[in-house]
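Engineer: Each residue of the sequence shown is one higher than the last, beginning at 7 in this note's numbering. Let me begin by handing over the structure; questions about it come next.
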Amino acid sequence: IAYDIHRRRTILFGGGGTSSPKNDTWELVGSQWTKRSPNHRPPPVPDPILCYDSHRGRTVMFDNSRSATWEWDGADWRRSASRVQPFGLAGMAFHPVDREIVALGIPPYELRGNELWTYDGTLWRKESAIGNLGTRTRAGMAYDVHRGQVVVFGGSMDYRHQGRVFGWPLTDLWGLRRTPASTVHRFGVACASGAEASALGEPTRGNARFALRFKGVSSRLPAVAIFGLAPGRTPLGNCSLWVDQLLGVVG
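This is the structure we're talking about:
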């Protein structure tokens, strides 16, 4: 179940319980349930995980049985084209500040430790592994607007014994805090006249998506990029680029 804050209704999809899995879509407005008849719909899902993306106005559903993501726009279902999908999810919640879904991933083949995944409506990205939480399934997740973080509550810690799978219920509460993104500022110009540099993404630790793009630099001439921790007052030669502490030089 997920709540569509823009259309002011609760969205229900699929489920199974003691019966066979379903793939019907229902909407609750006030006290009235209405069954929808979209042109496209996901296959039957026994235990779907839903979350509403308030930035894009979509209800996102993850199918753990097929590792597939679907989106409901209020009229029809559309399958996400992201080639990378989590193996499974214990839960997910929308982060309104980062404008993406934060999900607690379940690793394949009973590997230990949940994973942190994010989904921006286009791509799923595996951010990092999460310690301390163990490997839990069916956890409750929500965004805490006062603390500005996603919280995880309870779930089930599954284990095997004599060929059978048992679930140990959990009642603990955790907060997921992500490393704050550092900011990029330009201080002056480089020595090479006409050269420009721009940052793509945020230079946070472990962010493989961060990159620097250079313009106006000849591919036949050597180029040097200097990274500093913070702006200071130590001039670099005769240039107006100021650095405080040298991290590295890339040619």
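The beta carbon of each residue, even a glycine, is placed where N, CA and C say it ideally should be. Only a predicted model underlies this, so the values are computations on that prediction, with no experimental measurement involved.
Please report the Cβ distance between Thr141 and Ile112, rounded to the nearest whole angstrom; I am assuming they are in contact, meaning their Cβ atoms lie under 8 Å.
Structural biologist: Going by Cβ atoms, the distance from Thr141 to Ile112 rounds to 7 Å, so yes, they are a contact pair.
Engineer: Return the chain-ordered ranges of every beta strand (DSSP E) run that is complete within the region 13-81 and spans a minimum of 3 residues.
Structural biologist: Listed in chain order, they are 15-21, 28-35, 38-42, 55-59, 64-69, 74-78.
Engineer: Taking only runs of the beta strand (DSSP E) that begin and end inside the region 79-129, which ones reach a length of at least 3 residues, in chain order?
Structural biologist: Those beta strand (DSSP E) runs which fall completely within the region 79-129 and span 3+ residues are 83-85, 95-101, 106-111, 120-125.
Engineer: Are there three or more Cβ pairs, one per stretch, closer than 8 Å when the region 89-100 is compared with the region 39-51?
Structural biologist: No, they do not touch.
Engineer: Using the three-state DSSP reduction, which class does Ala145 fall into: helix, strand or coil?
Structural biologist: Note: Ala145 maps to coil in three-state DSSP.
Engineer: Using the Cα positions of Ile107 and Phe68, report the straight-line distance between them to the nearest angstrom.
Structural biologist: Taking the straight line joining both Cα atoms gives about 12 Å.
Engineer: Ordered along the chain, which non-local residues of its own chain (more than five positions away) have a Cβ less than 8 Å from that of Gly21?
Structural biologist: Around Gly21: Pro27, Lys28, Val51, Pro52, Asp53, Pro54.
Engineer: So, Ala145 versus Thr65, is the Cβ gap smaller than 8 Å?
Structural biologist: Contact flag unset, no.
Engineer: How many angstroms separate the CA atom of Met163 from the CA atom of Pro114?
Structural biologist: If I take the Cα positions, the gap works out to 15 Å.
Engineer: Pick helix, strand or coil for Leu277, following the three-state DSSP scheme.
Structural biologist: Outside the shown range of the chain, which is 7 to 257, sits residue 277, and nothing can be said about it.
Engineer: Taking only three categories from DSSP, how would you classify Val151?
Structural biologist: It is coil, neither helix nor strand.
Engineer: Is the CB-CB distance between Met147 and Leu110 below 8 Å?
Structural biologist: Yes.
Engineer: To which residues of the same chain is Ser199 closer than 7 Å at the C-beta, ignoring the five residues directly before and after it?
Structural biologist: Note that Ser199 scores a pLDDT of 49, beneath 50, so its modelled location is shaky; the value from the coordinates is reported in the next line. Closer than 7 Å at Cβ, skipping near neighbours: no residue.
Engineer: When you compare only the Cα positions, how much space is there between Phe100 and Ser25?
Structural biologist: One C-alpha to the other measures close to 30 Å.
Engineer: With a threshold of 16 other CB atoms inside 10 Å of the CB of Gly161, please say whether the residue is buried or exposed.
Structural biologist: Buried is the call here.
Engineer: Hey, how far is the Cα of Gln155 from the Cα of Tyr149?
Structural biologist: About 6 Å.
Engineer: Going straight from the alpha carbon of Val98 to that of Asp126, what length do you get?
Structural biologist: The sequence shown places Met at residue 98, rather than the Val named in the question. Rounded to the nearest angstrom, the two C-alpha atoms are 13 Å apart.
Engineer: Mind checking who Gly161 pairs with in its DSSP beta bridge?
Structural biologist: According to DSSP, Gly161 bridges with Leu176.
Engineer: Using only alpha-carbon positions, find the residue among Lys41, Thr31, Val157 that is nearest to Ala96.
Structural biologist: Per the Cα distances, Val157.
Engineer: Buried or exposed: Leu179, going by 16 or more other Cβ atoms within 10 Å of its Cβ?
Structural biologist: When all chains shown are included, Leu179 counts as exposed.
Engineer: Quick check: the Cα distance between Thr189 and Lys132, rounded to an integer number of angstroms?
Structural biologist: Caution applies to Thr189, whose pLDDT of 47 falls short of 50 and renders its modelled position unreliable; the value that the coordinates give is listed next. Cα-Cα distance, rounded: 22 Å.
Engineer: Taking Ser37 as the reference, give the member of Thr16, Asp59, His152, Cys57 with the closest Cα.
Structural biologist: Ser37 has its Cα closest to that of Thr16, out of Thr16, Asp59, His152, Cys57.
Engineer: Taking C-beta to C-beta, are Ser88 and Trp123 nearer than 8 Å?
Structural biologist: The answer is no: Cβ separation not under 8 Å.
Engineer: Which value, in whole angstroms, describes the spacing of the CA atoms of Gly181 and Leu139?
Structural biologist: Cα to Cα, Gly181 sits roughly 10 Å from Leu139.
Engineer: Leaving out five residues before and five after His61 in sequence, what residues of the same chain have Cβ atoms less than 6 Å from its Cβ?
Structural biologist: Only Arg105 meet the Cβ criterion.
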